[in-house]
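Trainee: Just passing along the structure, written as structure tokens.
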Amino acid sequence: MIEMYEKLGIRKSVYDFGEKIEKSLENRFKTIDKMAEYNQLKVLSAMQENKVSEACFNYTSGYGYNDTGRETIEKVYASIFNTEDALVRPSIACGTHALSIALNGVLRPGDELLSPAGKPYDTLEEVIGIRQSTGSLAEYGITYKQVDLTKDNEFDYEAIKKSITPKTKMATIQRSKGYQTRPSFSIEKIADLIKFLKEITPDIIIMVDNCYGEFVEKLEPSDVGADLVVGSLIKNPGGGLAPIGGYIAGKKDLIERCAFRLSSPGLGKEVGASLSVMKEFYQGLFLAPTVVAAALKSAIFSANIYESLGFKCFPDKDEERTDIIQSVVLGSKLGVTSFCEGIQYAAPVDSYVTPVPWDMPGYDSEVIMAAGAFVSGSSIELSADAPIREPFAVYFQGGLTYPHGKFGILRSLEQLIRNGVLKEEDLN
Ligand SMILES: *Cc1c(COP(=O)(O)O)cnc(C)c1O
Numbered sequence: 053m054i055e056m057y058e059k060l061g062i063r064k065s066v067y068d069f070g071e072k073i074e075k076s077l078e079n080r081f082k083t084i085d086k087m088a089e090y091n092q093l094k095v096l097s098a099m100q101e102n103k104v105s106e107a108c109f110n111y112t113s114g115y116g117y118n119d120t121g122r123e124t125i126e127k128v129y130a131s132i133f134n135t136e137d138a139l140v141r142p143s144i145a146c147g148t149h150a151l152s153i154a155l156n157g158v159l160r161p162g163d164e165l166l167s168p169a170g171k172p173y174d175t176l177e178e179v180i181g182i183r184q185s186t187g188s189l190a191e192y193g194i195t196y197k198q199v200d201l202t203k204d205n206e207f208d209y210e211a212i213k214k215s216i217t218p219k220t221k222m223a224t225i226q227r228s229k230g231y232q233t234r235p236s237f238s239i240e241k242i243a244d245l246i247k248f249l250k251e252i253t254p255d256i257i258i259m260v261d262n263c264y265g266e267f268v269e270k271l272e273p274s275d276v277g278a279d280l281v282v283g284s285l286i287k288n289p290g291g292g293l294a295p296i297g298g299y300i301a302g303k304k305d306l307i308e309r310c311a312f313r314l315s316s317p318g319l320g321k322e323v324g325a326s327l328s329v330m331k332e333f334y335q336g337l338f339l340a341p342t343v344v345a346a347a348l349k350s351a352i353f354s355a356n357i358y359e360s361l362g363f364k365c366f367p368d369k370d371e372e373r374t375d376i377i378q379s380v381v382l383g384s385k386l387g388v389t390s391f392c393e394g395i396q397y398a399a400p401v402d403s404y405v406t407p408v409p410w411d412m413p414g415y416d417s418e419v420i421m422a423a424g425a426f427v428s429g430s431s432i433e434l435s436a437d438a439p440i441r442e443p444f445a446v447y448f449q450g451g452l453t454y455p456h457g458k459f460g461i462l463r464s465l466e467q468l469i470r471n472g473v474l475k476e477e478d479l480n
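Using my numbering, the first residue of the sequence shown is number 53, and each one after it goes up by one.
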């Protein structure tokens, strides 16, 4: 084993350090395997119940009327998320697109959108119009209110209550932390917030940005009252195989509004050929629970590695998880770039290139991204990214298999030592 690691650039002291950390995690990994077992059965049951057949994998083209593969995958998602309906489409380009469709589908001029749990994901700033942008909700006269978390990262229930007016049509809650250092919200916490909001104003439409959260817990936000859950297929539910796509699951009338926005008023869900992606949508979804488990183990392994070395980690090494994101505060630009180099050098694809920070569309500071993925930009595959700004935290996620996630983390540690951010003696 050690020879294989050495061949791939990992020195013995780094390997030994990893073995010691891994040993301490046996029980936690068992719990994660149990969660995967539960969610595997949930997915299997949805596939059986909705009679997934070989015909679902056929290529379709043109308008895509009566596209069996598409219609069935949408039923399967609705079963899994315990919702009335779902949109699952290759024509949804990414998570931001899915969220934008949901917001634009539901909201109308004069409505107000509330974010009761702090700042939404960076790319939504332009969708909403927090940062001025062409075609934002703000341009259509849809206003936005945000209630920040308290100092202890709790929901500010008093302020939330005060912020709700008759104009408040919709609330958006982001499960995963995104590029923030707050904790991600567990299903239990999201449930409390939804209950609170609906008690004040029963008609409020609650959307949860579920990116990175799927299959981490037994329940999904839609099991605890969310009217819409939204995510990306090149994250968890695509299982690493979906080559593109996003999903929106929720109440039937809301899904129809979203479909009218996605395609066209009148056409809605009825059009949109699925081309040849359906087999990957199904197979990826089928693998997703165990892939998510691999990513979770990798995240926990990395938190335990880096916290032992004195770096602050969010979530910390012992915390319960509700998403697959691990952030490690490396505290310097060299720290984050070295970490990302290590992840890149651990990839099966493009391992020979070196990532550098760039001005990525939709983000307000330079971002460095490391990914050598089979699906370009896929972040259920081993990947890391970091905005180049204080506190110089890297966001690490994915790993289609745990052995690969583990190797990536060890390679990042090796790189921190090679670049002088850490010394080999620090491992003792
Ligand atoms: C990734 C992500 C998004 C946006 O998804 P893209 O596919 O990158 O457009 C939105 N919200 C959260 C929490 C995310 O993690």
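In this text, a Cβ means the ideal position worked out from N, Cα and C, and glycines have one as well.
Between the Cα of ALA294 and the Cα atoms of GLU332, ALA346 and LEU314, which residue gives the shortest distance?
Mentor: The residue you call residue 294 lines up with position 242 of the sequence shown. Of all alpha-carbon atoms in GLU332, ALA346 and LEU314, the one lying nearest the alpha-carbon of ALA294 is that of GLU332.
Trainee: Using only alpha-carbon positions, find the residue among ALA398, ILE440, GLU372 and GLU477 that is nearest to GLU58.
Mentor: Locating residue 58 in the sequence shown gives position 6, counting from the first residue. When only C-alpha atoms are compared, the closest one is ALA398.
Trainee: State the DSSP-derived secondary structure class of MET412, mapped to helix, strand or coil.
Mentor: The residue labelled residue 412 in the question sits at position 360 within the sequence shown. Of the three classes helix, strand and coil, the one that applies to MET412 here is coil, per DSSP.
Trainee: List the whole-angstrom C-beta distance separating LEU434 from ILE395, where the pair is believed to meet the contact cut-off of C-beta under 8 Å.
Mentor: Position 382 of the sequence shown holds residue 434. Position 343 of the sequence shown holds residue 395. Sure, about 6 Å apart at Cβ, within 8 Å.
Trainee: What is the DSSP secondary structure of GLU164, counted as helix, strand or coil?
Mentor: Numbered from its first residue, the sequence shown carries residue 164 at position 112. DSSP places GLU164 in strand when its eight states are reduced to three.
Trainee: Going by DSSP, what residue range makes up the beta strand (DSSP E) through ALA346?
Mentor: Your numbering for residue 346 matches position 294 in the sequence shown. Segment 330 to 360 is the alpha helix (DSSP H) holding ALA346; no beta strand (DSSP E) there.
Trainee: For GLU466, which residues from the same chain have a beta carbon less than 7 Å from its beta carbon, with the 5 sequence-adjacent residues on both sides left out?
Mentor: If you number the sequence shown from 1, residue 466 lands on position 414. Cβ within range, chain order: GLY61, ILE62, ARG63, VAL66 and GLY394.
Trainee: Is LEU151 a contact residue of ligand 1, with contact defined as CB to any heavy atom under 7 Å?
Mentor: One-based indexing of the sequence shown puts residue 151 at position 99. The answer is yes for LEU151.
Trainee: By the DSSP assignment, the beta strand (DSSP E) with ALA301 in it spans what residues?
Mentor: By one-based count along the sequence shown, residue 301 stands at place 249. Element bounds for ALA301: 298 to 302.
Trainee: Anyone know if the C-beta pair for THR374 and SER284 falls short of 8 Å?
Mentor: Taking the sequence shown and counting its residues from 1, one reaches residue 374 at position 322. Taking the sequence shown and counting its residues from 1, one reaches residue 284 at position 232. Judged by beta-carbon spacing, SER284 lies beyond the 8 Å limit of THR374, meaning their Cβ atoms are not closer than that value.
Trainee: Can you tell me the Cα-Cα spacing of PRO273 and GLU55, whole angstroms?
Mentor: Start at 1 with the first residue of the sequence shown, and residue 273 comes out as number 221. Start at 1 with the first residue of the sequence shown, and residue 55 comes out as number 3. Cα to Cα, PRO273 sits roughly 45 Å from GLU55.
Trainee: I'd like to know if the stretch 187 to 198 and the stretch 225 to 234 are in contact, where contact means that at least 3 CB-CB pairs between them fall below 8 Å.
Mentor: Note that the stretch 187 to 198 does not touch the stretch 225 to 234; fewer than 3 beta-carbon pairs, one per stretch, sit closer than 8 Å.
Trainee: So is MET53 buried or exposed if we call it buried at 16+ other beta carbons inside 10 Å?
Mentor: If you number the sequence shown from 1, residue 53 lands on position 1. Under this definition MET53 is an exposed residue.
Trainee: If contacts are defined as beta-carbon pairs under 8 Å, then VAL388 and VAL446 qualify, I think. What distance do you get, rounded to the angstrom?
Mentor: By 1-based counting over the sequence shown, the position of residue 388 is 336. By 1-based counting over the sequence shown, the position of residue 446 is 394. Indeed, because the Cβ distance is near 5 Å, the residues count as touching under 8 Å.
Trainee: For GLY320, collect the residues of the same chain with a Cβ closer than 7 Å to its Cβ; drop the 5 residues on either side in sequence, then sort them by chain order.
Mentor: Along the sequence shown, read from residue 1 onward, the residue named residue 320 stands at position 268. The answer, listed in chain order, is GLU308, ALA311 and PHE312.
Trainee: Less than 7 Å separating the Cβ of GLN226 from some heavy atom of ligand 1?
Mentor: Within the sequence shown, the letter at position 174 stands for residue 226. Correct: GLN226 has its Cβ closer than 7 Å to ligand 1.
Trainee: Here's a check: name, in chain order, each residue in its chain whose Cβ is nearer than 6 Å to the Cβ of SER403, leaving out the five neighbours to either side.
Mentor: On the sequence shown, residue 403 is found 351 positions in, with the first residue counted as 1. Here the set comprises TYR397 and GLY424.
Trainee: With a CB to CB cut of under 6 Å and the five nearest residues on each side skipped, what residues in its chain are close to ARG122?
Mentor: The residue you call residue 122 lines up with position 70 of the sequence shown. Cβ neighbours of ARG122 beyond the five flanking positions: SER326.
Trainee: Kindly identify the DSSP beta-bridge partner or partners of PHE391.
Mentor: In the sequence shown, the residue the question calls residue 391 occupies position 339. Under DSSP, no beta-bridge partner is assigned to PHE391.
Trainee: Under 6 Å Cβ to Cβ from ARG183, same chain only, skipping five residues before and after it: list those, please.
Mentor: As a position in the sequence shown, residue 183 is number 131, starting the count at 1. Excluding five sequence positions before and after ARG183, the CB atoms of its chain that fall closer than 6 Å to its own CB belong to GLU177, given in chain order.
Trainee: Given 7 Å as the limit, tell me if ASP261 has its C-beta closer than that to any heavy atom belonging to ligand 1.
Mentor: In the sequence shown, counting from the first residue as 1, residue 261 sits at position 209. Indeed, a heavy atom of ligand 1 lies less than 7 Å from the Cβ.
Trainee: Report the three-state DSSP secondary structure of PHE69 (helix, strand or coil).
Mentor: On the sequence shown, residue 69 is found 17 positions in, with the first residue counted as 1. In this structure, PHE69 counts as helix in the three-state DSSP scheme.
Trainee: Helix, strand or coil, according to DSSP, for GLY157 in the structure here?
Mentor: In the sequence shown, the residue the question calls residue 157 occupies position 105. Residue state, collapsed to three classes: helix.
Trainee: Quick one: is the Cβ of SER284 within less than 7 Å of any heavy atom of ligand 1?
Mentor: If you number the sequence shown from 1, residue 284 lands on position 232. SER284: yes, Cβ under 7 Å from ligand 1.
Trainee: I'd like to confirm something about TYR173: is its beta-carbon nearer than 7 Å to some heavy atom of ligand 1, or not?
Mentor: On the sequence shown, residue 173 is found 121 positions in, with the first residue counted as 1. Yes, the beta carbon of TYR173 sits closer than 7 Å to at least one heavy atom of ligand 1.
Trainee: Could you say if the stretch 105 to 112 and the stretch 69 to 84 meet the contact criterion of at least three C-beta pairs nearer than 8 Å?
Mentor: no
Trainee: What's the C-alpha gap between ASP208 and LYS214?
Mentor: One-based indexing of the sequence shown puts residue 208 at position 156. One-based indexing of the sequence shown puts residue 214 at position 162. Their backbone Cα atoms lie some 10 Å apart in a straight line.
Trainee: Take TYR264 and list the residues in its own chain whose beta-carbon comes closer than 7 Å to its own, dropping the five residues that flank it on each side.
Mentor: Within the sequence shown, residue 264 is the residue found at index 212, counting from 1. Excluding sequence neighbours, TYR264 sits near SER228, LYS287, ASN288, ASP375, ILE376, ILE377 and GLN449.
Trainee: Please state if the CB of PRO443 and the CB of SER417 are separated by a distance shorter than 8 Å.
Mentor: Numbered from its first residue, the sequence shown carries residue 417 at position 365. Numbered from its first residue, the sequence shown carries residue 443 at position 391. For SER417 and PRO443, no; Cβs fall outside 8 Å.
Trainee: Grouping DSSP H, G and I as helix and E and B as strand, with all else coil, what is GLN226?
Mentor: Residue mapping note: residue 226 aligns to position 174 of the sequence shown, counting from 1. The three-state reading of DSSP puts GLN226 in strand, counting E and B together.
Trainee: By how many angstroms is the C-alpha of LEU348 removed from the C-alpha of SER316?
Mentor: Along the sequence shown, read from residue 1 onward, the residue named residue 316 stands at position 264. Along the sequence shown, read from residue 1 onward, the residue named residue 348 stands at position 296. For SER316 and LEU348, the distance between alpha carbons rounds to 39 Å.
Trainee: Is it the case that the CB of CYS310 approaches a heavy atom of ligand 1 more closely than 7 Å?
Mentor: Counted from its first residue, the sequence shown places residue 310 at position 258. Checking the Cβ of CYS310 against ligand 1 gives no.
Trainee: For ARG141, which three-state DSSP category applies?
Mentor: What you label residue 141 is simply residue 89 of the sequence shown in a count that begins at 1. Strand, per DSSP.
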